[in-house]
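Using mature numbering (1 follows the signal peptide of the UniProt record, and there is no 0), the letters of the sequence shown correspond one by one to residues -22 to -1, 1 to 573.
Here's the structure we're looking at; comments come further down.
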Amino acid sequence: MRLFIAFVAVALLTGCATPSNSTTSATQQRQQNNADSRFTQLADNIWQQQVLLNPVSASARDHREFDGQLQDMSPAAVKARYEKQKGWLEQLQAVDVSQLNEQNQINHAMLVYGIKNDVDEYRFNAHYMPLTAEGSFHSSLAFLPSYHPFRDKADYQSYLDRLAAIPTYMEQQTDWLRKAMSEGYTQPAAAMAGFEESIYAYIVQQPEDSVYYRPFQKKPEFIGADEWANLQQQAANVIDDAVMPAYQNYFEFMVTRYLPNARDSVGASELPNGEAFYNNRIKHYTTTDMTAAQIHELGLTEVKRIRAEMDAVIAKTGFDGSFSEFTDFLRNDPQFYPKSADELLRYASFIAKKMDGKLPGLFKTLPRKPYGVAPVPAEIAPKYTTGRYSGSSRDDQAGFYWVNTYALDRRPLYQMEALTLHEAVPGHHLQIALANEMDDLPEYRRSTYISAFGEGWGLYAEYLGIEAGFYQDPYSEFGRLSYEMWRAARLVVDTGMHAMGWSRQQAIDFMASNTALSLHNVTTEIDRYITWPAQALSYKLGELTIKRLRQEAETALGADFDLREFHDAVLKNGSVPLDVLEQQIRQWIKAQTAV
């Protein structure tokens, strides 16, 4: 009897200590739901506050609280924003990510990525250098007519208020440049040569010729003729009395103060705390833990591999001469260059439309938003890269593939297929538009752009052109390889200049001797890398990751591998860090093999 009682007691104790699997599962599910709910509330709250930190981008996202304002760049305001972002980062880092579901784990990684960058940039005084060789706050402001909404008369009035605020904003930014000069944070003089021309391009004699007057060129139906004439006059007055003097002051400051006192060195490591800053930028732009030395060696390996492929293509052309003689031939023979800007734009448009017809064979999901082809704005073209994608978060605006029509004798046609596939489709437009249209994802997921993913995808898109039937001409194939070499050489020259003491000329020589880029493009690109440390590293590292994951999938799935399904899996989460992409694709492979 005592034995029976003891047995029952043990059984009861065991039952109390070990709930059924269903009970445990339900408890765990409740805990995860609670964790997900708390995180979602925190993340949404942070994002709503974060959007309002920049009034212009807030307006573009239909947050209209500060429509007539520009961002306050006073020291007190900049520090206050940093303190807010630092606080948000601390709250996010306190979250137990293991308790979140899969999508919220990605949400968390994305939100931390963006806010951590803002915090890091303040710590490293990035606000001391609000300019690169391509432009600065003066050129960013010029996009105001595109970002600002114009849906009623009040929108036009708030736009005028923003124009009136330009002098204060530009003077605040110039104050940071003055502080930078006193503390050793200037951009390198060699890379900034001619920068003042990009400012002078915005200075006009007649207000109607200003980019800021463009919203007043065509009367909207909802405004009467007399009211419209009054608004046009207000616009002309504020451009004459406020905007043009602000640009003139900035131009004079740049010519007389900043450029003559810019530093002689080129590497980020030469800045105060420069080595730590460059390592931080590597981590941000590549989302990997690779060191500068590792990236440099990888670059040299890729350069050697691609060079062998380029030599094989040269042999196909029948050219009898050295590599340097072949690239000189490409750089100087008129047959490879457009005769007019219209010819270049038409050719880019044809390539883009040709690829449009190939997309269904490569992708299951295509974006709703269309894209256009347009020239790079003339004001920024001289020191601008050869092409770029300009997207829009607004549903009433298309994305645009910008083609640089400045200096046509430096825009070779044999590189246009690779450029177009990268910047338009299946590259940036397709990827970014799809991300923006993922309505089931939070806004911060849809709008965050991670360079290693986005630029890696762009370079992978160039490679996809092979499978889509492009590069049939050996010169075009050489152009593709030259573009791939361009991205591989970036790994070498960026780390060389910023971590290993390379000179600007050493970087130019390396790039020129290994690619078919025109010398103008080579110089423009090197100056871009000098003034934008580590960003150039993202392309090749991202592309190599996507290619490696595709190879893993093809090996694991064999005949069951579906390229369209693979592309869906790569793109379905938007722009994500490379480690997240690897995790997602390996889970997808596992799920496919389990079917």
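Ideal Cβ placement from N, Cα and C applies to all residues, glycine included.
Open item on the list: Let me confirm a value: V573 is counted as buried when at least 16 other C-beta atoms fall within 10 Å, else exposed. Which label applies?
Closed with: exposed
Open item on the list: Just to confirm the assignment, what range does the alpha helix (DSSP H) spanning V182 have?
Closed with: Careful: V182 lies outside any alpha helix (DSSP H) and carries neither H nor E.
Open item on the list: What does the alpha-carbon distance come out to for the pair L535 and G432?
Closed with: 26 angstroms
TODO: Could you spell out where the alpha helix (DSSP H) holding W435 opens and where it closes?
DONE: 429 to 445
Task: Exposed unless 16 or more other CB atoms sit within 10 angstroms - verdict on I292 - done: buried
- [ ] Within its chain, find whatever has a CB closer than 6 angstroms to the CB of residue 660; leave out the 5 residues flanking it on each side and keep chain order.
- [x] The chain is shown only over -22 to 573; residue 660 falls outside these bounds and no answer can be derived.
Open item on the list: With H, G and I counted as helix, E and B as strand and the rest as coil, what does DSSP make of A158?
Closed with: helix
Open item on the list: Given this structure, state the Cα-to-Cα distance separating A359 from Y367, to the nearest angstrom.
Closed with: 14 angstroms
Task: Same chain, Cβ closer than 8 angstroms to A467, neighbours up to 5 away in sequence not counted - done: G277, V281, F488, M489, N492, T493
Task: L340 and R542 closer than 8 angstroms at C-beta - done: yes
Task: Sequence ranges, alpha helix (DSSP H) only - wholly within the segment 160 to 233, length at least 4 - done: 174 to 178, 203 to 216, 222 to 231
Open item on the list: Measuring alpha carbon to alpha carbon, tell me which residue in Q151, P193, E560 is nearest S124.
Closed with: P193
- [ ] Identify the continuous beta strand (DSSP E) that holds W380 and give its terminal residues.
- [x] 377 to 381
Open item on the list: Please return the same chain residues whose Cβ sits closer than 6 angstroms to the Cβ of K131, not counting the five positions on each side in sequence.
Closed with: I201
- [ ] Indicate the three-state DSSP secondary structure (helix, strand or coil) for G335 in the structure shown.
- [x] coil
Task: Check whether D40 and T343 have beta carbons under 8 angstroms apart - done: no
Task: Straight-line gap, E560 to L515 (C-alpha atoms, nearest Å) - done: 18 angstroms
TODO: Could you name each continuous alpha helix (DSSP H) segment of 4 residues or more that falls completely within the segment 336 to 400, going from the start of the chain to the end?
DONE: 337 to 340
Task: Nearest-angstrom Cα separation, counted from I563 out to Q77 - done: 21 angstroms
Task: Other residues of its chain near A168: CB distance less than 6 angstroms, five sequence neighbours each side excluded - done: R482
TODO: Work out the CA separation of A531 and A569 for me, nearest whole Å.
DONE: 11 angstroms
Task: P312 versus S300, D387, S327, residue with shortest Cα-Cα distance - done: D387
Task: Proximity of Y178 and V221 at Cβ, strictly below 8 angstroms - done: no
Open item on the list: Applying the 10 Å Cβ sphere with the 16-neighbour rule, what's the burial state of K196?
Closed with: exposed
- [ ] Report the three-state DSSP secondary structure of T110 (helix, strand or coil).
- [x] strand
Task: N- and C-terminal bounds of the alpha helix (DSSP H) containing P123 - done: 122 to 125
TODO: For N258, count neighbouring C-beta atoms within 10 Å of its own C-beta (all shown protein chains included) and say buried if the count is 16 or more, exposed if not.
DONE: buried
Task: Beta-carbon proximity check, R140 vs L122, cutoff 8 angstroms - done: yes
TODO: Please go through the same chain and pick out, in chain order, the residues whose beta-carbon is closer than 7 angstroms to the beta-carbon of residue 575, but skip the five residues on each side of it.
DONE: In the structure displayed, the chain extends from -22 to 573; residue 575 sits before or after that span and is not available.
Open item on the list: So for R39, helix, strand or coil by DSSP?
Closed with: coil
Task: R241 - DSSP class collapsed to helix/strand/coil - done: strand
TODO: Please state if the CB of I273 and the CB of T523 are separated by a distance shorter than 8 angstroms.
DONE: no
Task: Cβ contact check for the segment 410 to 419 and the segment 547 to 555: 3 or more pairs under 8 angstroms - done: yes
Task: Neighbourhood of S247 by C-beta, 7 angstroms cutoff - its chain only, sequence neighbours within 5 removed - done: E253, Y256, H476, A477
Open item on the list: Are the CB atoms of F115 and E174 within a distance shorter than 8 angstroms?
Closed with: no
Task: Start-to-end residues for the alpha helix (DSSP H) that takes in W566 - done: 556 to 572
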